[in-house]
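Quick note: the sequence shown, position 87, residue 183 per our numbering, numbers continuous.
All C-beta atoms in this analysis are idealised placements derived from N, C-alpha and C, irrespective of residue type, glycine included.
Nothing here was measured: the structure is a model prediction, and the numbers come from that model.
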Amino acid sequence: MEKIVQLLESKGIRPTAMRLMTYKRLAELEVAISLGDLEKDFKVSERSTLFRTMKAFEEKGIVHQIEDGTGVIKYALCEENCECEVGNDLHIHFHCNNCNETVCLTEHKIPHINLPDGYITEDINLVVKGICEKCSDNLD
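Given below as structure tokens:
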């Protein structure tokens, strides 16, 4: 838990009990999670507190949002030293149509995209949809 406290403090975030529990839960997951699903993991939490925690984490580069086409925003921890900016550290996300999980494929970076003059990129989100390796193993 001390490592989490140090990480949060290094990012300028006060390590409250909810923030520590939230970070710990996100670190345990191998998939992105929605605010609603995260809320279910904590029996005693206010949605507004959890929302503010995720917003603070996002502003400080601890998590990033994923819009995977399901209509629900999901969150995943950023890699160490991630900047989550266009041109830096943007990676592909994979959404499984079978189990409905979304994962970060951090080793697969989104290439630079040259837009026509007059267009300004503010965000890039690349989601590949299909069947994940866990579900494809069960298809045999």
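Roughly how many angstroms separate the alpha carbons of E142 and R148, rounded to a whole number? Taking the straight line joining both Cα atoms gives about 10 Å.
How many whole angstroms separate the CB atoms of C200 and H187, which I take to be in contact at a CB cut-off of 8 Å? The beta-carbon distance between C200 and H187, rounded to whole angstroms, is 6 Å. This is short enough to meet the 8 Å contact definition.
Residues that H189 bridges to, as DSSP identifies them: Beta-bridge annotation (DSSP): H189 is paired with C200, V223.
Output needed for D164: all residues of its chain with C-beta closer than 7 Å, excluding positions within five of it in sequence on either side, in chain order. If we look at D164 and ignore the five residues flanking it on each side, its Cβ neighbours are K170, H189, H191, T198, V223.
On the DSSP bridge assignment, give the partners of R230 in chain order. The question names Arg, yet the displayed sequence has Lys at residue 230. DSSP output for K230 lists no bridge partner at all.
Please classify M97: is it buried, with 16 or more other beta-carbons within 10 angstroms of its beta-carbon, or exposed? Burial call: exposed.
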